[in-house]
Amino acid sequence: MIAAGVVFVAAACSDGTGPQAQDPLLDEVVDQEILSVVADGVSQDLDLIRAFGPGMMGGLHMHPGGPTHESSGSCTFDGTSHVCTRGSMDALEMSRSVTFFDEFGDPMEVYHPELTGSIKFVFDLEGSREGFRDETSILATIDRHQEKTVSGLLNTETTREWNGEGTDETYREITNPLGEQSAFELEATTEAEQVIMPVPDGTDEMRWPLSGTITKQVKVTLTRFNGETVNRERNVVIEFNGTNIVTILINGEPTEVDLAQRRDEDRFRRHHR
1130 MIAAGVVFVA AACSDGTGPQ AQDPLLDEVV DQEILSVVAD GVSQDLDLIR
1180 AFGPGMMGGL HMHPGGPTHE SSGSCTFDGT SHVCTRGSMD ALEMSRSVTF
1230 FDEFGDPMEV YHPELTGSIK FVFDLEGSRE GFRDETSILA TIDRHQEKTV
1280 SGLLNTETTR EWNGEGTDET YREITNPLGE QSAFELEATT EAEQVIMPVP
1330 DGTDEMRWPL SGTITKQVKV TLTRFNGETV NRERNVVIEF NGTNIVTILI
1380 NGEPTEVDLA QRRDEDRFRR HHR
């Protein structure tokens, strides 16, 4: 969010002449803001994936040994899924449910380390966060819905496979030191395909997806300080390779992103193929 104040100042100085004017500087501003939102979302997804472990304790606040759970709030079994009271993540409210399946795809009431073949997670994150850079303020409103299934749980595991889909809505309102406001609105559909995650080895070493992709179809509306609006659409692909340095392609244009960093100025490295 810190970078947003900078890119919107640049947008205000752009010489676009209409709502759909082709302006390389403006398109660069849009792409940089998309990178910021997408990197935040991927980091959240990986935090939730890493919460999956023995006993299912962690960010999902689940302990599947019985129909009630006390790790943070409580969960109830509705006959198919465990539906949990609200928790929090990254200052956002989180709702979640978990469904366990046996090797034949039939729902199970509780997790069994030898019989559970896959698990489906559904979670919603929503709320607002505020950030600042110098005297520029950035207020972000976020609404994310994700459905992810982890498979490959039978027998001895060395990796697990994650697949799923979801939607993202992010609205960022930027106010400069003069009190002028601009806005950035992003809507996206998301598909995670064959994201292979190594099983935790019991150490504190951070584990990263070995392979797989997350693809987003993104629509953006930028409202500039002068009231002009600009609409853009982008195809965004995140490619995993087993390290914290991943490639994010926006309409085929690659950027290296360091997911171990959470500040925009630390994690982006643009390059051209």
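Just add 1129 to the spot in the sequence shown (first one is 1) and you have the working numbering.
Think of the CB as a built atom: it goes at the ideal place given N, C-alpha and C, for glycine as much as any other residue.
None of the values given here were measured: they were computed from a predicted structure.
Residue i versus residue j - alpha carbon distance
i            : j            : result
residue 1237 : residue 1206 : 10 angstroms
residue 1311 : residue 1364 : 24 angstroms
residue 1122 : residue 1355 : A question about residue 1122 goes unanswered here, because the residues of the chain that appear run from 1130 up to 1402.
residue 1219 : residue 1254 : 9 angstroms
residue 1284 : residue 1387 : 33 angstroms
residue 1276 : residue 1349 : 23 angstroms
residue 1372 : residue 1327 : 12 angstroms
residue 1234 : residue 1246 : 8 angstroms
residue 1324 : residue 1290 : 6 angstroms
residue 1174 : residue 1164 : 15 angstroms
residue 1331 : residue 1307 : 52 angstroms
residue 1317 : residue 1162 : 13 angstroms
residue 1166 : residue 1376 : 15 angstroms
residue 1152 : residue 1322 : 33 angstroms
Own chain residues within Cβ distance below 6 angstroms of residue i, not counting five before or after
i            : result
residue 1211 : 1204 and 1227
residue 1249 : 1228 and 1278
residue 1361 : 1159 and 1349
Residue environment, residue i, which counts as buried when at least 16 other CB atoms sit within 10 Å
i            : result
residue 1282 : buried
residue 1273 : buried
residue 1384 : buried
residue 1338 : buried
residue 1192 : The predicted model places residue 1192 with a pLDDT of 44, which falls under 50 and marks its position as unreliable, so this point remains unresolved.
residue 1391 : exposed
residue 1154 : exposed
residue 1215 : exposed
residue 1223 : buried
residue 1232 : exposed
Bridge partners - residue i, DSSP secondary structure assignment
i            : result
residue 1266 : 1261 and 1304
residue 1235 : According to DSSP, which records beta bridges pairwise, residue 1235 is partnered with nothing at all.
residue 1224 : 1253
residue 1360 : 1350
residue 1229 : 1237 and 1248
residue 1212 : 1205 and 1226
Beta carbon proximity, residue i to chain B, threshold 9 angstroms
i            : result
residue 1226 : In the structure shown, chain B does not exist; there is a single protein chain.
Own chain partners of residue i with C-beta closer than 8 angstroms, once the 5 adjacent residues on each side are dropped
i            : result
residue 1288 : 1281, 1325, 1326, 1327, 1328 and 1339
### Query
What are the start and end residues of each continuous beta strand (DSSP E) run of 3 or more residues lying completely inside the stretch 1271-1316, in chain order?
1288-1304
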